[in-house]
Amino acid sequence: MPEGVRHWQADLAAPESLRPVFDGADAVFLHDGGAGAHLLSPQGILDVAKAGGVRRVVLLSSQGVATRPRSSSHGAGGRSIEDAIRQSGMDWTILRPGGFASNTFAWAETIRTQRTAAAPFGDTGLPLIDPADIGEVAAAALREDGHAGQVYELTGPALSTPRQRAEAIGAALGEPIRFVEQTRDEARAQMLRFMPEPVVETTLAIIGEPTPAEQRISPDVERVLGRTPCTFAEWAVRNIAAFR
Numbered sequence: 001m002p003e004g005v006r007h008w009q010a011d012l013a014a015p016e017s018l019r020p021v022f023d024g025a026d027a028v029f030l031h032d033g034g035a036g037a038h039l040l041s042p043q044g045i046l047d048v049a050k051a052g053g054v055r056r057v058v059l060l061s062s063q064g065v066a067t068r069p070r071s072s073s074h075g076a077g078g079r080s081i082e083d084a085i086r087q088s089g090m091d092w093t094i095l096r097p098g099g100f101a102s103n104t105f106a107w108a109e110t111i112r113t114q115r116t117a118a119a120p121f122g123d124t125g126l127p128l129i130d131p132a133d134i135g136e137v138a139a140a141a142l143r144e145d146g147h148a149g150q151v152y153e154l155t156g157p158a159l160s161t162p163r164q165r166a167e168a169i170g171a172a173l174g175e176p177i178r179f180v181e182q183t184r185d186e187a188r189a190q191m192l193r194f195m196p197e198p199v200v201e202t203t204l205a206i207i208g209e210p211t212p213a214e215q216r217i218s219p220d221v222e223r224v225l226g227r228t229p230c231t232f233a234e235w236a237v238r239n240i241a242a243f244r
């Protein structure tokens, strides 16, 4: 952590443990809890934050709240936290990113050892977002005025397919990467090793049969930062050490 930054150990599932964290803070960046959202008490967290003097909250939610509202993993849990934020009485900003470019780190080991990348739906494109862009938008919303009451959908500047992402990593390495297209069942079995089943099912639906909204290129990163989002190729170059 940079010099002068205080850090505290706390548990989002135990809001009272957050009191020393929020004491003296005026803005908070809050994650929606992901697959563990059902363990959280959004109202409890926000009550403690307000008591500590917090006036502004920026929530990292998910595009799935809007595009997959019936999904227990991507829609319902995120919606309940968003609703609590909206009703908190604080200035709020909600960030709804689509798929992360950094999910491609799942290929790191096979690219390092075999120069191979495997994924289903090799020619289905999504506008993956560079997490660094999410961070910059969050920082702007936390530190600048003019973002209260906004919901920002965060995507990259163009669609990219798994096959194209493998090619981009190969270009950054200076070596070709062999792309292996998995069946849906093969991908599902692999994902179930580290993801709950509801998350797996919705993820496969998004990457295999994305809705028009999930393939839409959002202008919101450029609106907030005054520049276009980073491309997947730029993300690959910046993170290529993970794949060498």
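Going by UniProt numbering, the residue at position 231 of the sequence shown is 231; the numbering climbs one at a time, nothing skipped. We put the beta carbon where it would ideally sit given N, CA and C, even for glycine.
Separation of residue j from residue i, as counted between CA atoms
i: residue 182; j: residue 136; result: 34 Å
i: residue 91; j: residue 62; result: 19 Å
i: residue 10; j: residue 55; result: 20 Å
i: residue 31; j: residue 138; result: 11 Å
i: residue 89; j: residue 117; result: 47 Å
i: residue 173; j: residue 104; result: 15 Å
i: residue 57; j: residue 234; result: 30 Å
i: residue 79; j: residue 46; result: 15 Å
i: residue 86; j: residue 203; result: 27 Å
i: residue 51; j: residue 77; result: 24 Å
i: residue 165; j: residue 206; result: 17 Å
i: residue 159; j: residue 82; result: 27 Å
i: residue 84; j: residue 42; result: 6 Å
i: residue 106; j: residue 150; result: 32 Å
Within 8 Å, strictly: CB atoms of residue i and residue j
i: residue 147; j: residue 93; result: yes
i: residue 231; j: residue 157; result: yes
i: residue 208; j: residue 121; result: yes
i: residue 95; j: residue 152; result: yes
i: residue 214; j: residue 124; result: no
i: residue 155; j: residue 73; result: no
i: residue 98; j: residue 129; result: yes
i: residue 22; j: residue 48; result: yes
i: residue 115; j: residue 175; result: yes
Residue range of the unbroken beta strand (DSSP E) whose run includes residue i
i: residue 91; result: 91 to 97
i: residue 120; result: 116 to 120
i: residue 299; result: Since the first residue of the chain shown is 1 and the last is 244, residue 299 is not available in this structure.
Top-ranked residue by Cα proximity to residue i, from the options
i: residue 245; options: 167, 203, 141; result: This structure cannot settle anything about residue 245, because the visible part of the chain is limited to 1 through 244.
In DSSP terms, what residue i is bridged to
i: residue 244; result: DSSP, once it has assigned bridges, lists no residue as partnering residue 244.
i: residue 59; result: 30, 94
i: residue 144; result: For residue 144, which the question treats as bridged, DSSP gives no partner whatsoever.
i: residue 100; result: 129
N- and C-terminal bounds of the alpha helix (DSSP H) containing residue i
i: residue 234; result: 232 to 238
i: residue 167; result: 162 to 173
i: residue 43; result: 42 to 51
i: residue 54; result: Here residue 54 belongs to no alpha helix (DSSP H), and DSSP marks it neither H nor E.
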